[in-house]
Amino acid sequence: MYDRAVLHMDLDSFFVSVECLKNSELAGKPLIIGGDGGRGVVSTCSYAARKYGVHSAMPMKMAKRLCPDAVILRGDMEEYSKYSHLVTDVVAEEAPVFEKASIDEFYIDLTGMDKHFGCYKWSMKLTEKIFKETGLPISFGLSINKLVSKIGAGEGKPLGRVIINAGEEKSFLAPLSTSRMPGIGKETYKRLSFMGVRTIGVLSEIPAKLLEREFGKSGILLSQHANGIDKSPVMPYTEQKSISTETTLSQDTVDIKYLRDLLSAMTDKLAYELRSSGKLTSNVAVKIRYADFNTFTKQRQIPYTSGDRVLQAATLDLFDKLYDRRQMIRLIGVRFSGLVHGNYQMVLFEDNESELRLMEETDHIRDRWGIKAIMRANQLKPFKDSGKDKF
Amino acid sequence: MNLIISSGELYKMLQIGQNAISAKPQYPILADFLFDIDGNILTITSSDLEFTIISETQINSGNEGKFAFPAEILINTLREMPEQPIELIYDKENNGLKMISSYGEYQSGSNDIDDYPKIPEVDYSIKVAIPAGRFLKALSTCSFATATDEIKTNMLGISVNFQPDAVEIAATDAHKMVKYTLFHRSGMEDTSFVLPKKAVSILKHIINDEEDLIISLDKNQVLFEYKKHKIYCKLINQPFPNYNSVIPLNNDKEIVVNRQEWLRSLKRITLYGNRTTYQTSFLVKDNEIKIETLDPDFSNAASEVIKCQYTGEELNLSYNAKFLIDSLSNLESEEVKLAVSTAGRAAILTPGENEVGENILMLVMPVRTRKPIAD
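Heads up: the sequence lines are chains S and D, in that order. Using this note's numbering, read the first sequence as starting at 786 and increasing by one per residue. Using this note's numbering, read the second sequence as starting at 133 and increasing by one per residue.
Given below as structure tokens:
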């Protein structure tokens, strides 16, 4: 039973997994991703390549010598971050509090969940869900804090499911090399080795005072970490530079007019949020999920704005482009990103006084009576149907 | 066939012609200058199909014929060469080119000149002459206001409108607008065209005095003739927005400011504001403007007070400072006038005093600030 429980999830050789998803012929083959130029280095490699001694940060030339048959790819950061977003979406849907530590790592705070769900069971379910929805394998470590979970996940790779029960942190860490510990780089590792300290177990027995004298303030942290103590909290992940909303329909539908009206209502709501927080957006995205759970998004770059007219036109146009199957839709969503502080810049030839006045007056009414107090007539039906709380 | 020419003179001609050489030419031959020798006259042509530049000069040669020389290597060779006579030789049989200078020889293959696109022979229905320098100044003043957003195709150029007693030149990107009226008796009845912005930078290279610029106009194309140069230019065939209809008529509150002082202040202030929106507020009262900006993302803020002439009711205005900086930089007068009606409407910026024969009006759209939330 955990009092505090932190789960660390780490996608197994993330870039390689993505490449294998895109091209199934690569699966199982030695694969190296990194710069192929004269001074390129390996950014990651598949487990098959690791058997030859290839590892990340190794010069590409050396990697080629060690494993001449390896397939070498330059890597596509855009594609990777797209997959990373997919995983983030799944995690965000399930996890109560989570932190995205990097493109392929997540910390999830599961404190208090053991009693009702069982932390291990819940974690297994999440990894399965991630694999099912994205096709990416993931390892996890579960313990009472971030540090031990991270080391645990690293030890278990690939497809690791490592649990360190409360109270067993020290004995779990003790036999491991000090180089396994996050925060111990090449230099610190060398200095520790010079002192005869090669395992975390030995490190944990050195008095904190001594380590402080040797390494300064970080020595204290080092001592705590070696003893499996890490009080750092899971910092919730927020994509501050965007705002979004989505609605799962109470019933799947193909009624285009209804969907467009709903989308227009959602856009108005977000646009109002933008204006009331004094922000402008430069990127509009629309998301739809069909009844078979296939999800698609489309986005567009626009000049900075917070005006209803431009945003409405953009989201509706994106929706028309996105909806190309004659299938029932289950969910639609809107996202504004690329936010900056600022107020609405007026446009010649297009803006007219009455439209702007309308926008200002409706904002005024919403400020005073709440967001549901006023809306366009065409938005009334979707608003009533789709659960008012969603708005 | 050969010709002998001063390297400096040739370089000058090529520099003008280079403006119509595209970095990615549509046909290989368009990466070349076309040399055409006819007795004692040499014409050099360059084209990117949008613009075609033809320049003429006198030479000593009894030959006749045409050849094409790769633009990039020719112009770069001449750049690194002090003034001297050089000889260009074209060997038609081997299709080879040779250039001889006092330093040595340079050889290159030539493209087939028959591939060079023909300039469409157009029967220009309209022909008008205008003092080149004044016309160029008007175009240059307006060109900053053209749109850069490729979606606004009709605003990518500069509108030129000939009227019997004046030429109205205007540009806008829907956030700012400039209208430059050049008083010149052309006798033309309301004729207009939209000129690509690039034409201005080409004209800047050749125009250096008030000699007449002959403008010949067709539906799709305009021809500028000035001294020994001809520039053919494709027009933007999109209706230009009706800019006269958006100029407010009742902007009765007038603020008079020293242009340089305001410009410098804005340049300092914007360093502390948001670099994407440049939104800046202006509180005007009692002969002072308080200029303020802030960028909460970086905890940056700045404010300044400058002198002005204004004694009416307090005004709380908000603009993109970048638009104002661009507008003020393109004026020359010592003082400028900003005329407004209310904070939420277009402001008109004019020079304190217009120079003789011209009238400049700039329009800046405000930033709409939110009303404070009522309790």
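Quick reminder that beta carbons are idealized off the backbone N, C-alpha and C, glycines included. In this text, all values refer to a predicted model and were calculated from it rather than measured experimentally.
Following the continuous alpha helix (DSSP H) through residue i, name the residue where it begins and the one where it ends.
i, result
"Q392/D", "391 to 401"
"Y1181/S", "Residue 1181/S is absent from the model: chain S starts at 786 and stops at 1176."
"K867/S", "862 to 879"
"N208/D", "203 to 211"
"C274/D", "264 to 275"
"C805/S", "799 to 807"
"L335/D", "329 to 338"
"V1095/S", "1093 to 1107"
"S828/S", "Run containing S828/S: none in the alpha helix (DSSP H); it sits in the beta strand (DSSP E), 827 to 830."
Taking 8 Å as the CB-CB cut-off, is residue i touching chain D?
i, result
"K1135/S", "Reading off the sequence shown, one finds Glu at residue 1135/S, where the question assumed Lys. E1135/S counts as touching chain D."
"K1157/S", "no"
"N1068/S", "no"
"V1095/S", "no"
"Q1084/S", "no"
"H793/S", "no"
"Y1089/S", "yes"
"V1125/S", "yes"
"Y1057/S", "no"
"Y1043/S", "no"
"L1141/S", "yes"
"L1103/S", "no"
"M1131/S", "yes"
"E1024/S", "Reliability of the predicted coordinates at E1024/S is poor, the pLDDT of 45 falling under 50, and no value is obtained from them."
Among the options, whose alpha-carbon lies nearest the alpha-carbon of residue i?
i, options, result
"G926/S", "K917/S, D797/S, E940/S", "E940/S"
"T425/D", "D418/D, Y143/D, S435/D", "S435/D"
"S139/D", "P217/D, S154/D, L398/D", "P217/D"
"N352/D", "D223/D, G149/D, L181/D, Q158/D", "L181/D"
"D429/D", "K1026/S, C830/S, E863/S", "K1026/S"
"Y222/D", "F199/D, Q295/D, K417/D", "F199/D"
"Y248/D", "D281/D, D384/D, Q158/D, S333/D", "Q158/D"
"K156/D", "A203/D, Q147/D, L142/D, M145/D", "A203/D"
"L1048/S", "Q1164/S, A848/S, M862/S, A1011/S", "Q1164/S"
"R1142/S", "L977/S, T829/S, I817/S, G1092/S", "G1092/S"
"N376/D", "Y235/D, E485/D, T313/D", "T313/D"
"N950/S", "G1013/S, I985/S, G1001/S, P922/S", "G1013/S"
"F1168/S", "P853/S, Y1043/S, S989/S", "Y1043/S"
For residue i, would you say it is in contact with chain S, using Cβ-to-Cβ distances shorter than 8 Å as the test?
i, result
"T304/D", "yes"
"T482/D", "no"
"D384/D", "no"
"R400/D", "no"
"V310/D", "no"
"H307/D", "yes"
"Q216/D", "no"
"I505/D", "Reliability fails at I505/D, whose pLDDT of 42 lies under 50, so the model's placement of it is uncertain and the value that follows must be treated cautiously. Answer yes: the Cβ-Cβ gap between I505/D and chain S drops below 8 Å somewhere."
"S275/D", "no"
"Q458/D", "It should be noted that the sequence gives Asp, not Gln, for residue 458/D. Not closer than 8 Å to any Cβ of chain S, the Cβ of D458/D fails to qualify, so no."
Find out if the Cβ-Cβ distance for the pair residue i, residue j is shorter than 8 Å.
i, j, result
"N195/D", "I169/D", "yes"
"G860/S", "F800/S", "yes"
"V1069/S", "A1099/S", "yes"
"Y1089/S", "I1156/S", "no"
"E877/S", "I893/S", "Note that residue 877/S is Ala in the sequence shown here, rather than Glu. Against a cut-off of 8 Å, the Cβ pair of I893/S and A877/S comes out as no contact."
"S272/D", "N151/D", "no"
"V292/D", "L327/D", "yes"
"S924/S", "E954/S", "no"
"V839/S", "V827/S", "yes"
"S275/D", "I290/D", "yes"
"M1067/S", "I1087/S", "Per the sequence shown, residue 1067/S should be read as Ser rather than Met. In this structure, I1087/S lies closer than 8 Å to S1067/S by Cβ."
Which residues bound the beta strand (DSSP E) around residue i?
i, result
"K975/S", "No beta strand (DSSP E) holds K975/S; the alpha helix (DSSP H) holding it covers 971 to 979."
"F902/S", "From DSSP, F902/S is part of no beta strand (DSSP E); its letter is neither H nor E."
"A471/D", "467 to 472"
"F925/S", "923 to 928"
"Y892/S", "890 to 894"
Any 3 or more C-beta pairs closer than 8 Å across the stretch 495 to 502 of chain D and the stretch 463 to 478 of chain D: Short answer: they touch.
Is there contact here, the stretch 167 to 180 of chain D with the stretch 307 to 326 of chain D, by at least three beta-carbon pairs under 8 Å? The stretch 167 to 180 of chain D makes no contact with the stretch 307 to 326 of chain D, as fewer than three CB pairs between them are under 8 Å.
Validate contact between the stretch 359 to 370 of chain D and the stretch 454 to 464 of chain D using beta carbons, cut 8 Å, 3 pairs: Not touching, per the Cβ criterion.
Kindly confirm or deny that the stretch 1119 to 1133 of chain S and the stretch 402 to 410 of chain D touch, where touching means at least three C-beta pairs closer than 8 Å. Here the stretch 1119 to 1133 of chain S makes contact with the stretch 402 to 410 of chain D; the two share three or more CB pairs at distances below 8 Å.
Is there contact here, the stretch 885 to 894 of chain S with the stretch 795 to 813 of chain S, by at least three beta-carbon pairs under 8 Å? Contact holds between the stretch 885 to 894 of chain S and the stretch 795 to 813 of chain S, because three or more Cβ pairs, one in each stretch, are under 8 Å apart.
Decide yes or no for the touch test of the stretch 988 to 1005 of chain S against the stretch 1028 to 1043 of chain S: beta carbon pairs closer than 8 Å, at least 3 of them. No contact exists between the stretch 988 to 1005 of chain S and the stretch 1028 to 1043 of chain S.
Please confirm if the stretch 864 to 874 of chain S is in contact with the stretch 908 to 925 of chain S, defined as three or more CB-CB distances below 8 Å between the two stretches. With a cut-off of 8 Å, the stretch 908 to 925 of chain S and the stretch 864 to 874 of chain S count as touching, because enough Cβ pairs lie within range.
At least 3 beta-carbon pairs within less than 8 Å: the stretch 461 to 476 of chain D vs the stretch 1111 to 1121 of chain S: No: the two stretches stay apart, fewer than three of their Cβ pairs being nearer than 8 Å.
Count the C-beta pairs between the stretch 339 to 351 of chain D and the stretch 299 to 310 of chain D that are closer than 8 Å, then say yes if the count reaches three, no if not. The stretch 339 to 351 of chain D, when compared against the stretch 299 to 310 of chain D, does not touch it at the 8 Å Cβ threshold.
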